[in-house]
Structure formats: structure tokens, C-alpha cells
Ligand SMILES: [Zn+2]
Ligand SMILES: [Zn+2]
């Protein structure tokens, strides 16, 4: 994703309005490696600008995706997550806390393996590696099972999954 100042220019050039809220969204997203959902962006923005609407956030994110500045990730975990990292990378997805980490890794052999026999010219490969992050593993080792179980229940409760396929 481009720098916030460049995005302001780009939006104006494309005849889109640039409000202070939108500009703030650019800043929240720029260099953000947390893969936030629209709701997470909204939560952060509304803490600074209480009058902002979730609709503004959705609309701005959608426009950034449309312009190729932002990637929308649907990793089957409920809410769509947004990724400003435009370099080729893969994702480590924690199935417990839903944290997503970037991994930049060239996989030339893997590309060849995937295209093998099919005469398919691979342009890009994006892997999603599912598992338990180191933080969750530590928590599990250090906490009583009862405590982590109630944490988990709470996390599931708060996650507004559209698919409802959890557990
Ligand atoms: Zn985790
Ligand atoms: Zn990413």
C-alpha cells in the first residue's frame, strides 16, 4: 500500500472525496501487519473520531481493495481481514487467537511442483499455514486449563462468524 499522502493524491485524482476520516484510515492501515478486520479498523478509528460510521470504514476499505492498494483476505475464519502488504508473502494463521502473521518466502521448487504436468504457468502462490501461534502455546503451557478454556469460549463468542462453522 502506498503512503497516506500518496493515497490522498490518488483518491483526489480519481475524483474520490478525501475526508479526515478516510485519511485517518490510510494512516491506520499503512504498515499495519496485524491484518485487521473492518470492525478492528473501525474500533481504532472511532476511539479517535467518535462520529465516524462503520459504513465509511467499509466503503474506504472497499475502494482501496478496488484500486489494488489493499488485499482482502478471506481465510475461512469469519470476518474478512485486510492486508496492506503488497509484497509476495504467505500467512501463518493461528486457529486459536486468529492472529495472522506474514511470512516472506520464495518457493520456486513449490511453484514447479504445482505446475508439474499441467502445463500451467504459475504466477503466484499464496499459502495459508494453520496452527497455534507461539503466544497461544506459551499461554497454554503457563495457565490452568480452566482459564484458557474460558478465554477460548469468550473469543468464540465475540467472533462474529458469518459461516458459523466454528467448532
Ligand atoms: Zn494464537
Ligand atoms: Zn499478510
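Residue numbers (the working numbering): 17 to 183. We treat Cβ as the ideally placed atom computed from N, Cα and C, and that holds for glycine.
With respect to the alpha helix (DSSP H) encompassing residue i, which residues constitute its N-terminal and C-terminal limits?
i	result
residue 117	Not the alpha helix (DSSP H): residue 117 falls in the beta strand (DSSP E), residues 116-119.
residue 18	Looking at the DSSP string, residue 18 is not in any alpha helix (DSSP H), and its letter there is neither H nor E.
residue 144	Premise fails: residue 144 lies in the beta strand (DSSP E), 144-147, not in any alpha helix (DSSP H).
I'd like to confirm the pairing. Which residues does DSSP put opposite residue i in its beta bridges?
i	result
residue 97	53 and 89
Specify the secondary structure class of residue i as computed by DSSP and reduced to three states.
i	result
residue 32	coil
residue 103	coil
residue 16	Look at the range of the chain in this structure, 17 to 183, and you will see that residue 16 is not part of it.
residue 134	coil
residue 158	helix
residue 69	coil
residue 24	helix
residue 140	coil
Alpha carbon to alpha carbon, how far is residue j from residue i? Give it in angstroms, no decimals.
i	j	result
residue 119	residue 27	30 Å
residue 132	residue 38	45 Å
residue 35	residue 112	37 Å
residue 97	residue 19	20 Å
residue 56	residue 44	10 Å
residue 151	residue 109	12 Å
Only counting the same chain, and skipping five residues up and downstream in sequence, which positions put a Cβ closer than 7 Å to that of residue i?
i	result
residue 142	106
residue 40	61, 64 and 65
Near residue i, what residues of its chain come up, given a Cβ to Cβ distance below 6 Å and the 5 sequence neighbours on each side ignored?
i	result
residue 64	none
residue 99	51, 87 and 89
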